[in-house]
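*Asks:*
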Amino acid sequence: MLGKLTKWLRILGYDVLYSRDYSDNQIIDIAKKSRRTILTGDKGLYYKAKKLNLDVIFIDSLKPAQILADLYVKKIIELDVNPEKSRCPECNGKLVKITDKNVIKSRVPPAALKNHDVFYLCNSCGQIYWEGSHWKNIRRIISEAKLLRPTQHHEEL
């Protein structure tokens, strides 16, 4: 359920761990050891983490803009998108800015090479990103999140 949120948070520059294969106990152990905040839509995991005094937030919306708005109001995230601070949405790797098109020309569509001067290479998985038309949608969702009121019931479960 939170796979899309993971990508959004990484685009915003946050170091996010995510796997559908983690058990509740694995998630709790990771959160304890690395002092991470748990974001979950699982009430059982939410209550377990709360009982252990871990930082945990219950997510019940499926709308990215609403979730981002809720996290922003709780001061968990900032709603500033900057490609130079983004992480790889797929693997969480750090992105390296590439301005020399020769470095990536064999791996990028010709239209992207023609229309863009800056690219970002993931230092983990090798994926290449650029500010294409999808960035209009990213910025629109972020702008929408800034205007939304938070939902009121996350901590009152």
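Just so you know, we're using my numbering here: the sequence shown kicks off at 100 and counts up by one. Heads up, the beta-carbon is just placed ideally off N, CA and C, and yes, glycines get one too.
1) Tell me the DSSP secondary structure of residue 238 in three-state form.
2) Could you pull out every residue in the same chain whose Cβ sits closer than 7 Å to the Cβ of residue 190, ignoring the five residues on either side in sequence?
3) Could you say which of 196, 156, 109, 110 lies nearest to residue 130 if we only look at CA atoms?
4) State the DSSP-derived secondary structure class of residue 194, mapped to helix, strand or coil.
5) In the DSSP output, which residue or residues are listed as bridge partners for residue 220?
6) First and last residue of the alpha helix (DSSP H) that includes residue 172?
7) Using DSSP bridges, identify the partner residues of residue 155.
8) Identify whether residue 248 lies in helix, strand or coil by the three-state DSSP scheme.
9) Please state whether DSSP places residue 186 in a helix, a strand or coil.
10) Take residue 103 and list the residues in its own chain whose beta-carbon comes closer than 7 Å to its own, dropping the five residues that flank it on each side.
11) Check the C-beta distance from residue 194 over to residue 171 and give it rounded, since I have them as a contact under 8 Å.
12) Quick one: does residue 139 have its CB under 8 Å from some CB of chain D?
13) Relative to the C-alpha of residue 161, which candidate in 152, 173, 140, 231 has its C-alpha closest?
14) Give the C-beta separation of residue 52 and residue 158 to the nearest angstrom, bearing in mind that I take them to be a contact with Cβ-Cβ under 8 Å.
15) Residue 148: buried (16+ other C-beta within 10 angstroms of its C-beta) or exposed?
*Replies:* The relevant details are as follows:
1) DSSP places residue 238 in helix when its eight states are reduced to three.
2) Excluding sequence neighbours, residue 190 sits near 221, 223, 224.
3) 156
4) strand
5) 195, 227
6) 163–172
7) 137
8) coil
9) strand
10) 163
11) That belief does not hold up - the Cβ atoms of residue 194 and residue 171 are roughly 22 Å apart, past 8 Å.
12) In the displayed structure, chain D is absent; only one protein chain is listed.
13) 140
14) This structure gives no information on residue 52, because the portion of the chain shown stretches from 100 to 256.
15) buried
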